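Residue numbers (the numbering used here): 7 to 133. So the structure is just underneath, and the comments pick up after that.
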């Protein structure tokens with residue numbers, strides 16, 4: 007079965023600021039591409055096809071009240087520290103999805119005001 011999610015876009019008012027933020031949080035380099043009034047920086051899984059992008063276009067507005075995309079991370083607490091260092095704000099601390107699941111998630115607001123999630127399995131958050 008093919009994955010259900012084909013592609014995502016994370017809105018940005020200031021694409022350069024947003025790209026710096028995500029480069030620091032994900033420890034990956036993103037390249038800004040322009041197509042007319044559109045600016046985008048693709049996010050991929052390793053060297054493969056992009057799965058999404060940070061996207062800037064007049065009228066395309068970031069939000070903390072809509073759909074939330076969550077990303078896997080190996081070390082939730084370390085990723086949340088990078089969020090803060092990069093200018094984001096942790097909006098909910100690490101929580102276990104269900105008691106005994108050994109799966110944890112947390113949410114943050116990026117520099118543009120988007121609500122984004124982080125998720126990890128089988129790794130307890132640091133105290």
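A virtual CB, placed ideally from N, CA and C, is assigned to each residue, including glycine. As the structure is a prediction and not an experimental result, all values here were calculated from the model.
Assign residue 68 to buried or exposed, taking buried as 16 or more other Cβ atoms, counted over all protein chains shown, within 10 Å of its Cβ.
Translated into positions along the chain shown, residue 68 becomes position 62. Buried: at least 16 other Cβ atoms inside 10 Å.
Relative to the C-alpha of residue 63, which residue among 83, 57, 21, 81 is closest?
Here residue 63 refers to the residue found at position 57 when the chain shown is read from its first residue. With distances taken between Cα atoms, residue 63 lies closest to 21.
Excluding the 5 residues flanking residue 100 on each side, which residues of the same chain have their C-beta closer than 8 Å to its C-beta?
Taking the chain shown and counting its residues from 1, one reaches residue 100 at position 94. Result list for residue 100: 82, 83, 86, 110, 111, 112, 131, in chain order.
Give, in chain order, every unbroken run of the beta strand (DSSP E) that is at least 3 residues long and sits entirely within the segment 44-68.
As for any beta strand (DSSP E) of minimum length 3 sitting wholly inside the segment 44-68, the runs are 44-50, 56-62, ordered along the chain.
Roughly how many angstroms separate the alpha carbons of residue 40 and residue 46, rounded to a whole number?
Reading the chain shown from its first residue, position 34 is the one you call residue 40. Reading the chain shown from its first residue, position 40 is the one you call residue 46. Going by the C-alpha atoms only, they are around 6 Å apart.
My understanding is that residue 115 touches residue 70, with C-beta atoms under 8 Å, so please give their C-beta distance in whole angstroms.
Reading the chain shown from its first residue, position 109 is the one you call residue 115. Reading the chain shown from its first residue, position 64 is the one you call residue 70. Confirmed, about 6 Å.
Residue 44 versus residue 105: straight-line alpha-carbon distance, rounded
Taking the chain shown and counting its residues from 1, the one referred to as residue 44 is at position 38. Taking the chain shown and counting its residues from 1, the one referred to as residue 105 is at position 99. Between the alpha carbons of residue 44 and residue 105 lies a distance of about 44 Å.
From the DSSP secondary-structure annotation, give me the bridge partner or partners of residue 41.
Taking the first residue of the chain shown as position 1, residue 41 is located at position 35. Note: residue 41 sits in a beta bridge opposite 44.
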